[in-house]
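Participant: Take this structure first; my questions come after.
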Amino acid sequence: MDPQTRIDTALEQALSAAQHEDCPPRLRESLSYAVFPGGARVRPRLTLSVAAACGASNDAVVDAAAAALELLHCASLVHDDMPCFDDADKRRGKATVHLAFDERIAVLCGDALIVTAFQSLAEAAASSSALPELIRLLGQAVSVPRGIVAGQAWECEPDVALERYQQQKTGALFVAATRLGAAAAGVDSAPWARLGERIGEAYQVADDILDVTANPDEIGKPVGRDAARLNPNSVLEMGMDASVLRLKKLIKAAVGSIPPCPGHEALHETIKIEATALMSAALTCHAAA
302 MDPQTRIDTA
312 LEQALSAAQH
322 EDCPPRLRES
332 LSYAVFPGGA
342 RVRPRLTLSV
352 AAACGASNDA
362 VVDAAAAALE
372 LLHCASLVHD
382 DMPCFDDADK
392 RRGKATVHLA
402 FDERIAVLCG
412 DALIVTAFQS
422 LAEAAASSSA
432 LPELIRLLGQ
442 AVSVPRGIVA
452 GQAWECEPDV
462 ALERYQQQKT
472 GALFVAATRL
482 GAAAAGVDSA
492 PWARLGERIG
502 EAYQVADDIL
512 DVTANPDEIG
522 KPVGRDAARL
532 NPNSVLEMGM
542 DASVLRLKKL
552 IKAAVGSIPP
562 CPGHEALHET
572 IKIEATALMS
582 AALTCHAAA
């Protein structure tokens with residue numbers, strides 16, 4: 302199967318327990334609504350690519366880890382879009398969960414996706430010796446002191462350093478993506494953190510540029526939210542030219558930070574392709590602004 306199909310199949314399997322008739326109908330519907338149809342699935346695709354480069358032999362464990370990571374990402378989007386945070390009305394081209402259902406369901410939907418991420422991974426990888434490490438990495442990415450929950454909480458503080466905010470709000474899941482891929486393949490995941498950090502930073506800078514310059518209809522979500530909500534943003538803090546330069550440097554650093562592995566050449570090409578697409582999207586909107 303191609304990566305997108307693998308990921309969506311694993312996500313459907315992870316959510317299958319929610320389809321039971323005992324689950325409240327609106328909550329059950331909201332879970333699928335929040336996950337499908339997906340975006341680019343950047344993080345789980347990165348997990349699959351790293352696992353393949355490390356010579357993974359158990360695709361079931363790799364797929365479960367990738368799906369769990371995407372469930373956590375989707376949960377973060379549901380909560381991030383709510384009125385108490387970004388108050389967004391669109392996500393992936395359709396109404397956000399709190400508008401399609403209501404705020405109560407949105408809170409519960411995000412909570413359920415988080416728990417389902419851990420539950421589904423534990424069940425799929427029950428016989429794998431890598432399970433404790435996979436659970437640890439997932440928890441580290443989403444929790445405190447440096448996970449996405451902490452990153453979201455920085456928006457509640459009067460002051461925050463841009464780099465710290467971006468490392469936790471966005472970078473944490475990218476670090477998890479690379480380390481989960483390595484851990485699922487049975488190799489030491491620590492050397493893979495740097496690749497995730499750099500890709501995560503690049504992705505956030507590109508997203509900051511899009512938030513300032515993009516057309517909301519083209520990217521499927523509102524723009525200008527950082528300025529409106531006084532959230533940290535690379536362009537607002539550093540200026541457009543400096544942000545574009547930082548994005549280029551981060552992409553170059555990411556491509557050069559792949560640890561030695563059996564599939565180094567193939568992963569190198571994959572990262573280059575993804576980085577080129579990321580750069581192109583940001584610079585196209587910058588040029589059109």
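Residue numbers (our numbering): 302 to 590. Heads up, the beta-carbon is just placed ideally off N, CA and C, and yes, glycines get one too. This one's a predicted model, so the numbers in the text were calculated from it and none came from an experiment.
#1: Between which two residues does the alpha helix (DSSP H) harbouring residue 379 extend?
#2: From residue 318 to residue 572, what does the alpha carbon distance come to, in whole angstroms?
#3: By the 10 Å Cβ neighbour count, where 16 or more other Cβ atoms means buried, how is residue 574 classified, buried or exposed?
#4: Ends of the alpha helix (DSSP H) at residue 436?
#5: Under 8 Å, do residue 261 and residue 567 count as touching if we go by C-beta distance?
#6: Applying the 10 Å Cβ sphere with the 16-neighbour rule, what's the burial state of residue 516?
#7: Would you call the stretch 516-528 and the stretch 485-504 in contact, with 3 or more CB pairs under 8 Å?
#8: Rounded to a whole number of angstroms, what is the C-alpha to C-alpha distance between residue 387 and residue 555?
#9: Go ahead and pull the three-state DSSP assignment for residue 573.
#10: Nearest-angstrom Cα distance between residue 348 and residue 327?
#11: Considering only DSSP beta bridges, list what residue 392 is partnered with.
#12: What is the rounded straight-line gap between the Cα of residue 411 and the Cα of residue 329?
#13: Is there contact here, the stretch 335-348 with the stretch 369-376, by at least three beta-carbon pairs under 8 Å?
#14: Report the residue from 527, 542, 497 and 521 whose alpha carbon sits nearest the alpha carbon of residue 350.
#15: Give me, in chain order, the residues of the same chain whose beta-carbon lies closer than 6 Å to that of residue 532; leave out the 5 immediate sequence neighbours on both sides.
#16: Give a yes or no on contact between the stretch 393-411 and the stretch 308-317, applying the rule of three or more CB pairs nearer than 8 Å.
#17: Could you give the first and the last residue of the continuous alpha helix (DSSP H) run that contains residue 513?
Facilitator: Reading it off the structure:
#1: For residue 379, the enclosing alpha helix (DSSP H) has its first and last residue at 360-381.
#2: Near 34 Å, if we compare the C-alpha coordinates of residue 572 and residue 318.
#3: Its Cβ having fewer than 16 others within 10 Å, residue 574 is exposed.
#4: Residues 432-443.
#5: Past the boundaries of the shown model lies residue 261; the chain is included only from 302 to 590, so the question cannot be answered.
#6: That one is exposed.
#7: A contact is defined here as three or more CB-CB pairs under 8 Å, and the stretch 516-528 fails this definition with respect to the stretch 485-504.
#8: C-alpha of residue 387 to C-alpha of residue 555: approximately 29 Å in a straight line.
#9: Note: residue 573 maps to helix in three-state DSSP.
#10: Going by the C-alpha atoms only, they are around 31 Å apart.
#11: Answer is 395, bridged to residue 392.
#12: Whole-angstrom Cα-Cα distance: 12 Å.
#13: In short, these stretches touch, since the Cβ pair count reaches three.
#14: Out of 527, 542, 497 and 521, 497 has the C-alpha closest to the C-alpha of residue 350.
#15: 456, listed in sequence order.
#16: Contact between the stretch 393-411 and the stretch 308-317 is absent, because fewer than three Cβ pairs lie under 8 Å.
#17: Element bounds for residue 513: 494-514.
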